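Just below is one structure, and these are the notes that go with it.
Number of protein chains: 2
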Amino acid sequence: MIDNAGKPTRKPRADAARNRARLLDAAKAVFAERGGAASLEEVARTAGVGIGTLYRHFPTRDALIEAVYRNESDQLVRAASELAASRPPVEALREWMRLFFNYMSVKHGMMELLDSLADGKSSLYAASGAETKRTIDFLVKNAVSAGEIAVDIEPLDLLRALGGMVQYGGGRDDEEAAAHALIDIMIAGLQAKRPR
Amino acid sequence: MIDNAGKPTRKPRADAARNRARLLDAAKAVFAERGGAASLEEVARTAGVGIGTLYRHFPTRDALIEAVYRNESDQLVRAASELAASRPPVEALREWMRLFFNYMSVKHGMMELLDSLADGKSSLYAASGAETKRTIDFLVKNAVSAGEIAVDIEPLDLLRALGGMVQYGGGRDDEEAAAHALIDIMIAGLQAKRPR
DNA sequence: TGAAATACGGAGGTGCCCTCCGTTTATCAA
DNA sequence: TTGATAAACGGAGGGCACCTCCGTATTTCA
Chain C
1 MIDNAGKPTR KPRADAARNR ARLLDAAKAV FAERGGAASL EEVARTAGVG
51 IGTLYRHFPT RDALIEAVYR NESDQLVRAA SELAASRPPV EALREWMRLF
101 FNYMSVKHGM MELLDSLADG KSSLYAASGA ETKRTIDFLV KNAVSAGEIA
151 VDIEPLDLLR ALGGMVQYGG GRDDEEAAAH ALIDIMIAGL QAKRPR
Chain Y
1001 MIDNAGKPTR KPRADAARNR ARLLDAAKAV FAERGGAASL EEVARTAGVG
1051 IGTLYRHFPT RDALIEAVYR NESDQLVRAA SELAASRPPV EALREWMRLF
1101 FNYMSVKHGM MELLDSLADG KSSLYAASGA ETKRTIDFLV KNAVSAGEIA
1151 VDIEPLDLLR ALGGMVQYGG GRDDEEAAAH ALIDIMIAGL QAKRPR
């Protein structure tokens, strides 16, 4: 009775919008406190809605996380253009990788984003994942064009390596310094291979 | 009534030894098939013992994984001495990192080993984790002494980066080539910083 | 205003974690 | 050999989380 090209869509219900917003707020809080593996029932409780409501709005855990962190990853993508415009290609790349690490380690839930970089099979991150890929590809390509580095690696792998630092670096106090050191080393490695 | 320095310990019961072995076999099989997050109840079922028996032998999931993979990580440690004896320091390091990646990616359950590299709080891996740390430290130090590289990074971080490749590289077909590329880049980066 | 569309929310089935404890079995002393 | 006893077995059960389903409540629109 409803043809999917049809216009006659109702206005979305007020309670639906309200609950969706509540769930996002609650999820942000709970994920921040407990990490991305927190219980979805706790999220629902915190939001003051039933568990059924949570699942209607976000059919999978991934869908929820995706929604919560879409903003953050958008920010990351936007920062890339600014860096590219204002710095030498290699420095833009270096700085962006630092930003990437910070986002991942602070917003710990964003680690799930990395899973989507894998093969896109959990395709709910597909959007952000693809954008992230485009971003790092872009930055790397810039530096290559400028003759500053050579790449014989898929650029995303640089981010995967950083992901390992976040995942397995667990809470030491020099975490950030260590990540910066790794970034410098990887970039030095890429520079070492540039055409002379 | 039993003083803990006392000798009068009984011979361990035959069924206990048998069940322990069965559990290890079952765990190896189940972890290989389902990954390190497999259900412990399934392990017990596969082993043909009760769940209580599993928990008596291995009080935590970590303890079980540790036991299953202790052999493999021993092998890794042993390989390091051979490589160090037969190759130039940098090549020994390169080759060992390749081995490390292979072990991690094939025996997928070994990823849990990496968690122990963090802060030793889940101290059941403490033994293997500490040995792994000693091993990579040793290989790196050799290369530094030979003047082939300079390090301003904790050596373990190199393995963490590789861990990211395993964790987030999920099943692409060029996984191994990609890891080798990353290893080469990191080593080139370390070489770039060596004293001239 | 009231019918139809939409959303709510929690009960309930499933599966896993881990503990506890009554039953069974292997060891060892007599 | 025998039987007392330490040790091990194994599964029932409480708790928690996942996710589905559907009767009830609310909102929209004609």
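Chains C and Y supply the protein sequences, listed in that same order.
Residue 102 in the working numbering sits at position 102 of the first sequence, and the numbers go up by one each step.
Count along the second sequence from 1, then add 1000; that gives the number in the working numbering.
For glycine and all other residues, C-beta sits at the position ideal for the given N, C-alpha and C.
Since the structure is predicted, the reported quantities are computational estimates derived from the model, not experimental observations.
Reference residue i, options the options, closest by Cα
i                 : options                                    : result
Ala27 (chain C)   : C:Phe58, C:Ala14, C:Gln75, C:Ile185        : C:Phe58
Asp1137 (chain Y) : Y:Ile1153, Y:Arg1034, Y:Leu1162            : Y:Ile1153
Trp96 (chain C)   : C:Ala150, C:Met111, C:Thr132, C:Gly147     : C:Thr132
Arg1087 (chain Y) : Y:Ala1143, Y:Asp1025, Y:Ala1188            : Y:Ala1143
Arg1160 (chain Y) : Y:Ser1145, Y:Ala1150, Y:Leu1182, Y:Arg1172 : Y:Leu1182
Ala1085 (chain Y) : Y:Leu1054, Y:Leu1139, Y:Ser1128, Y:Ala1038 : Y:Leu1139
His1108 (chain Y) : Y:Val1077, Y:Leu1083, Y:Val1030            : Y:Val1030
Gly36 (chain C)   : C:Thr46, C:Val151, C:Lys141, C:Glu66       : C:Glu66
Arg172 (chain C)  : C:Lys11, C:Ser105, C:Leu83                 : C:Ser105
Ser145 (chain C)  : C:Arg194, C:Ser128, C:Ala130               : C:Arg194
Ala981 (chain Y)  : C:Val77, C:Pro89, C:Leu54, C:Val151        : Because chain Y here runs from 1001 to 1196, residue 981 (chain Y) falls outside it and cannot be looked at.
Asp15 (chain C)   : C:Glu42, C:Gly50, C:Val43                  : C:Gly50
Pairwise C-alpha distance: residue j and residue i
i                 : j                 : result
Ala192 (chain C)  : Glu72 (chain C)   : 33 Å
Arg61 (chain C)   : Arg1013 (chain Y) : 46 Å
Met1165 (chain Y) : Glu1091 (chain Y) : 21 Å
Glu176 (chain C)  : Asp1157 (chain Y) : 12 Å
Ala63 (chain C)   : Met111 (chain C)  : 14 Å
Ile185 (chain C)  : Leu1190 (chain Y) : 6 Å
Ala1179 (chain Y) : Phe1101 (chain Y) : 7 Å
Gly1147 (chain Y) : Asp174 (chain C)  : 26 Å
Gly1052 (chain Y) : Leu1040 (chain Y) : 11 Å
Ala1079 (chain Y) : Thr1135 (chain Y) : 10 Å
Tyr1216 (chain Y) : Gln1075 (chain Y) : Limits of chain Y in this structure are 1001 at one end and 1196 at the other, which puts residue 1216 (chain Y) out of reach.
Val1068 (chain Y) : Arg1020 (chain Y) : 11 Å
Asp25 (chain C)   : Leu1023 (chain Y) : 44 Å
Arg1045 (chain Y) : Glu1033 (chain Y) : 15 Å
Leu1099 (chain Y) : Ala1038 (chain Y) : 25 Å
Tyr1168 (chain Y) : Gly163 (chain C)  : 8 Å
Gly1048 (chain Y) : Tyr1055 (chain Y) : 14 Å
Val43 (chain C)   : Arg1070 (chain Y) : 38 Å
Ile149 (chain C)  : Ser1081 (chain Y) : 35 Å
Arg10 (chain C)   : Arg18 (chain C)   : 17 Å
Ala1130 (chain Y) : Val1077 (chain Y) : 11 Å
Leu1124 (chain Y) : Leu83 (chain C)   : Because the pLDDT of Leu1124 (chain Y) is 47, which lies under 50, any placement of that residue in the model is unreliable, and the number read from its coordinates should be weighed accordingly. Going by the C-alpha atoms only, they are around 44 Å apart.
Lys141 (chain C)  : Arg94 (chain C)   : 13 Å
Pro155 (chain C)  : Pro1089 (chain Y) : 28 Å
Residue i (DSSP reduced to helix, strand or coil)
i                 : result
Ala192 (chain C)  : helix
Asp173 (chain C)  : coil
Val77 (chain C)   : helix
Phe1058 (chain Y) : coil
Arg1070 (chain Y) : helix
Thr135 (chain C)  : helix
Pro155 (chain C)  : helix
Ile1185 (chain Y) : helix
Lys208 (chain C)  : What the structure shows of chain C is the stretch from 1 to 196, and residue 208 (chain C) is not part of that stretch, so it cannot be assessed.
Lys1141 (chain Y) : helix
Arg1013 (chain Y) : coil
Ile1149 (chain Y) : coil
Val1049 (chain Y) : coil
Arg207 (chain C)  : Lying outside 1 to 196, the shown extent of chain C, residue 207 (chain C) is not represented and no answer is given.
Pro1088 (chain Y) : coil
Ser1039 (chain Y) : coil
Arg1018 (chain Y) : helix
Distance cut-off 6 Å: residue i Cβ against heavy atoms of the ligand HEM
i                 : result
Ala1017 (chain Y) : This structure does not include the ligand HEM; it has no bound ligands of any sort.
Original post:
Name the residues in the region 1151 to 1162 of chain Y whose C-beta lies less than 7 Å from a C-beta of chain C; which are they?
Top reply: Asp1152, Ile1153, Glu1154, Asp1157, Arg1160, Ala1161, Leu1162
Original post:
Going along the region 43 to 60 of chain C in order, which residues come within less than 9 Å of chain Y, judged by CB to CB distance?
Top reply: none
**OP:** For the region 1166 to 1195 of chain Y, enumerate the residues whose C-beta is nearer than 9 Å to any C-beta of chain C, in chain order.
**Re:** Val1166, Gln1167, Tyr1168, Gly1169, Gly1170, Gly1171, Arg1172, Asp1174, Ala1178, Ala1179, Ala1181, Leu1182, Asp1184, Ile1185, Met1186, Ile1187, Ala1188, Gly1189, Leu1190, Gln1191, Ala1192, Lys1193
Subject >> Contact residues within the region 1022 to 1044 of chain Y, judged by C-beta distance below 7 Å to chain C >> reply: none
Subject >> Contact set between the region 129 to 154 of chain C and chain Y, restricted to residues whose Cβ is under 8 Å from the partner >> reply: Asp152, Ile153, Glu154
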